[in-house]
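Counting in my numbering, the sequence shown runs from 2 upward without gaps. Think of the CB as a built atom: it goes at the ideal place given N, C-alpha and C, for glycine as much as any other residue. Since this is a predicted model, take the numbers as computed values, not measurements.
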Amino acid sequence: MPQKAVFWKEQNALLISDVHVGKIAHFRREGIPVPQEAMQDNFQRLNQLIDMKTPDKLYILGDLFHSTPNEEWDLFFTWLQENQKLKVEVILGNHDRSMPLFSFPQHLVMHTGALNLNSLLLTHDPADETDDDSFTLCGHIHPVSVLRKRGLRLRLPCFYMRKKQLILPGFGYFTGGYEVKAKPGERLFAVAENVMVEIK
Numbered sequence: 002m003p004q005k006a007v008f009w010k011e012q013n014a015l016l017i018s019d020v021h022v023g024k025i026a027h028f029r030r031e032g033i034p035v036p037q038e039a040m041q042d043n044f045q046r047l048n049q050l051i052d053m054k055t056p057d058k059l060y061i062l063g064d065l066f067h068s069t070p071n072e073e074w075d076l077f078f079t080w081l082q083e084n085q086k087l088k089v090e091v092i093l094g095n096h097d098r099s100m101p102l103f104s105f106p107q108h109l110v111m112h113t114g115a116l117n118l119n120s121l122l123l124t125h126d127p128a129d130e131t132d133d134d135s136f137t138l139c140g141h142i143h144p145v146s147v148l149r150k151r152g153l154r155l156r157l158p159c160f161y162m163r164k165k166q167l168i169l170p171g172f173g174y175f176t177g178g179y180e181v182k183a184k185p186g187e188r189l190f191a192v193a194e195n196v197m198v199e200i201k
């Protein structure tokens with residue numbers, strides 16, 4: 002979806018990756034001028050997705066949080082309270098080190114490793130593709146496609162589709178990205194202004 006999410010129709014579930022709650026507040030605390038309103042962006046897009054799809058579950062493929070607790074974490078706790086009917090499952094990522102120290106509502110479940118759901122493997126880190134029947138959804142690298150033409154350069158978050166793996170773009174507003182280029186048999190779907198376009 003152009004909101005940087007995947008909708009799993011059969012399970013009525015949304016999947017996102019790399020929200021990095023707390024990163025904007027952390028940068029602001031360090032004097033980097035990120036607009037305070039940007040902290041609301043993640044939650045506004047999540048609410049938009051929930052309104053559109055009315056999912057039963059939300060899977061977060063790692064790096065829900067970014068830094069030590071700050072006011073942006075408080076926004077997430079408020080959002081959780083407002084969405085108690087939504088079951089949230091989090092695969093812990095490399096930035097989620099502080100997360101197990103906190104007490105979360107019962108409708109949020111944490112997984113320390115990959116989650117295998119009927120040959121669909123949910124994990125944080127991209128893994129080497131194997132010969133079995135599993136297909137992996139993951140995040141971590143925040144893939145972006147860079148378009149260049151006549152001296153212009155545009156970086157767009159993208160979904161990176163490999164043979165047996167889909168790498169999701171970073172969901173968070175302020176996550177940066179790693180440039181990827183499709184190899185033969187791979188596909189890139191860039192996101193811009195709520196439109197998703199395949200990069201040929």
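Secondary structure at Met-100: helix, using DSSP grouped into helix, strand and coil. The shortest CA-to-CA distance from Gly-178 to any of Leu-118, Glu-194, Asn-48, Arg-156 is the one to Arg-156. In the structure shown, Glu-187 adopts coil according to DSSP, grouped into three states.
Gly-152 and Glu-11 have their C-alpha atoms roughly 44 Å apart. Closest in alpha carbon position to Phe-160, among Val-89, Asn-13, Leu-138, Gln-82, is Leu-138. Straight through space, the alpha carbons of Lys-5 and Lys-88 are spaced by roughly 19 Å.
Taking a contact as a CB-CB distance under 8 Å, the pair Leu-16 and Tyr-60 counts as one, their CB atoms being some 5 Å apart. 9 Å or more divides the Cβ of Gly-94 from the Cβ of Asp-42.
Of the residues Leu-76, Ile-142, Gln-82, the one whose Cα lies closest to the Cα of Gln-107 is Gln-82. Comparing alpha carbon positions, the residue from Met-53, Gly-23, Glu-73 closest to Pro-3 is Met-53.
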